[in-house]
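Okay, so the sequence shown: first residue is 1 according to the numbering used here, each after it adds one.
Comments concern the structure below.
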Amino acid sequence: MLRTHTCGELRKEQVGQTVTLTGWVQRTRDKGSLLWIDLRDRYGITQLFLEEGKSDAALLATARSLGREYVLRATGVVAERLSKNDKIATGEIEVKIRELEILNPSALPPFTIEDETDGGDDLRMKYRYLDLRRNPVRESLQLRHKMAQQTRLYLDAQQFIEVETPVLIKSTPEGARDFVVPSRMHPGEFYALPQSPQTFKQLLMVSGFDRYYQIVKCFRDEDLRADRQPEFTQIDCEMAFVTQEDILTTFEGLIRHLFQTVRGIDIGALPRMSYADAMKYYGSDKPDTRFDMKFTEITDLAKGKGFGVFDTAELVVGICAKGAAGYTRKQLDELTEFVKRPQIGAKGLVYARVEADGSVKSSVDKFYSAEELAKWKAAFAAAPGDLLLILSGEADKTRKALSELRLHVGGQLGLRDKNTFACLWVLDFPLLEWNEETQRYHAMHHPFTSPKREDLALLEQQQLRKHRLQP
């Protein structure tokens, strides 16, 4: 009995062997005297072929009746291709069919099962079982599997134990709304789905399990965001009796281990940046440092020159887009409309080009002399061919808006390659932030964050001040 091979495993060394393959028909190409079938499974694609006059007539008739996504079992002899395809692993061989069996015919799929499919999101989700056959979806599932596998291996080597905690729990106030599940045994009462297993973490720590983890489902009934959906999975770890440096060292090790074992990339030691610097230079607490384009503040240079927008602003700040002086007026108008979108919130955009001769031409030339614009150029360390993009207004909102503009322009200039990685630690976040609506301080990250030891006295002083003010 022949072993069934996978469509992605055959190589040139197997030329002359008889093999059996099972998979889906990706496509067929009938050239009259020759007929090719691309057969696909989760492991890859193998090209099958038949030849008029040399292959059995019944086989040819069966092959010509095939449609996309038919399920086939094919037996044949591995042969070397005359025209090789270096884009797939099996591109040096093909299989000359001797037997062909249709295991299951298929209706014409509603979209093509290919990497660049013609199916929109709604259609692909309706027929998710077809969408799951596409390479990008399969590769994502395989990546997730490898990540979970290597996470467990690394944490086990660091003396962590994996503990599975309950999904149906008592509600705990953690900031987001709970999903609730009605209890059949206790009518009118409900279980909550855990936003994160915080209560159980505390139980385990108090019980002496000093290193524990789980790869756990979390549920939050909140509005969708780009990086969050109602249910998601997180690597949840707890360590007892540790310092900040212990945590950074342990989980930097995890990050580097995952990149090395899953992607084959040595990312090296992770740089560290303070929260204050992240906000000052990038306007974000998770800055994309794959490209430079740091913020440059020119408030002192820009104010007091008669340009009301800058004169009344708390902050005037911009970025230097290297080599982007060739942006057309239409492109600059599009950037202006981008920053004026409600979700960005800027009122407008000022730009300045550094010309080939080193002079600066801006959209506010009538307010600033050539000498004053030259000072802008020096502040940004700009060179001929660079483009300065400047926003102004209230400090925090302006930095956030400029952060969005920076990412947008970085994408336009091809600086945000998804296959390039730049990891870093952002440290020293503020513990609390003031909320104007509630008129009180709230935890900036979450209420279980520990303050730095050197700041504990500040909290005590605040409490004393509060009590003294009470009648």
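No residue lacks a Cβ here, since even glycine has one placed at the ideal position from N, Cα and C.
Quick caveat: nothing in here was measured; it's all calculated off a predicted structure.
According to DSSP, what are the bridge partners of residue i?
i, result
"residue 49", "36, 96"
"residue 23", "72"
"residue 197", "None, per the DSSP bridge assignment."
"residue 18", "77"
"residue 387", "321, 353"
"residue 219", "231"
"residue 4", "20"
"residue 28", "37"
"residue 315", "393"
"residue 359", "Partner(s): none; residue 359 has no beta bridge."
"residue 426", "273"
Enumerate in chain order the residues of its own chain whose CB-to-CB distance from residue i is below 8 Å, with the five nearest sequence positions on each side excluded.
i, result
"residue 470", "Because residue 470 sits at a pLDDT of 42, beneath the cut-off of 50, its placement in the model cannot be relied upon, and the following sentence gives the value as read from the coordinates. Result list for residue 470: empty, nothing under 8 Å."
"residue 309", "347, 348, 350, 392"
"residue 330", "none"
"residue 421", "259, 265, 267, 290"
Give me, in chain order, the residues of the same chain whose beta-carbon lies closer than 6 Å to that of residue i; leave out the 5 immediate sequence neighbours on both sides.
i, result
"residue 461", "none"
"residue 16", "none"
"residue 91", "84, 85"
"residue 467", "In this predicted model, residue 467 has a pLDDT of only 48, less than 50, meaning its place in the structure is not dependable; the value taken from the coordinates is given anyway. Closer than 6 Å at Cβ, skipping near neighbours: no residue."
"residue 28", "37, 66"
"residue 457", "none"
"residue 240", "205, 210"
"residue 171", "178, 192"
Exposed or buried, which one is residue i when buried takes at least 16 other CB atoms within 10 Å?
i, result
"residue 282", "buried"
"residue 1", "Below a pLDDT of 50, predicted positions are generally treated as unreliable, and residue 1, at 44, falls in that range; the measurement from the model is reported next regardless. By the neighbour-count rule (16 or more Cβ atoms within 10 Å), residue 1 is not buried but exposed."
"residue 353", "buried"
"residue 451", "exposed"
"residue 119", "buried"
"residue 386", "buried"
"residue 279", "buried"
"residue 107", "exposed"
"residue 155", "buried"
"residue 434", "exposed"
"residue 341", "exposed"
"residue 166", "exposed"
"residue 33", "exposed"
"residue 440", "exposed"
"residue 247", "exposed"
"residue 194", "buried"
"residue 57", "exposed"
"residue 318", "buried"
"residue 402", "buried"
"residue 82", "exposed"
Please say whether residue j and residue i have beta carbons closer to each other than 8 Å?
i, j, result
"residue 95", "residue 48", "yes"
"residue 8", "residue 44", "yes"
"residue 214", "residue 236", "yes"
"residue 390", "residue 339", "no"
"residue 406", "residue 293", "yes"
"residue 206", "residue 233", "no"
"residue 368", "residue 305", "yes"
"residue 426", "residue 303", "no"
"residue 93", "residue 70", "no"
"residue 5", "residue 25", "no"
"residue 275", "residue 430", "yes"
"residue 128", "residue 111", "no"
Our contact map puts residue i next to residue j with C-beta atoms below 8 Å; I'd like the distance itself, whole angstroms only.
i, j, result
"residue 100", "residue 74", "5 Å"
"residue 10", "residue 37", "That pair is no contact at about 14 Å."
"residue 198", "residue 380", "Contact flag wrong, Cβ pair sits at about 46 Å."
"residue 211", "residue 161", "7 Å"
"residue 410", "residue 291", "5 Å"
"residue 130", "residue 163", "Not really, about 38 Å apart at Cβ, beyond 8 Å."
"residue 159", "residue 262", "No, residue 159 and residue 262 are not in contact; Cβ-Cβ is about 22 Å, not under 8 Å."
"residue 514", "residue 30", "With the chain running from 1 to 471 in the structure shown, residue 514 is simply not present."
"residue 295", "residue 364", "With a Cβ gap of about 19 Å, residue 295 and residue 364 do not count as contacting."
"residue 21", "residue 60", "At roughly 18 Å, the Cβ-Cβ gap does not stay under 8 Å, so residue 21 and residue 60 are not in contact."
"residue 134", "residue 117", "6 Å"
"residue 378", "residue 314", "So it is not a contact: roughly 23 Å between Cβ atoms."
"residue 442", "residue 432", "7 Å"
"residue 370", "residue 320", "18 Å between Cβ atoms; not a contact."
Who are the Cβ neighbours of residue i in its own chain at under 7 Å, not counting the five residues just before and after it?
i, result
"residue 423", "255, 267, 270"
"residue 397", "345"
"residue 374", "360"
"residue 23", "7, 39, 40, 41, 72"
"residue 182", "190"
"residue 201", "238"
"residue 325", "353, 354, 385, 386, 387"
"residue 358", "384"
"residue 168", "181, 191"
"residue 400", "283"
"residue 222", "176, 177"
Using a Cβ-based criterion (distance less than 7 Å to any ligand heavy atom), does residue i qualify as near the ligand NAP?
i, result
"residue 255", "This structure lacks the ligand NAP; in fact it carries no ligand of any kind."
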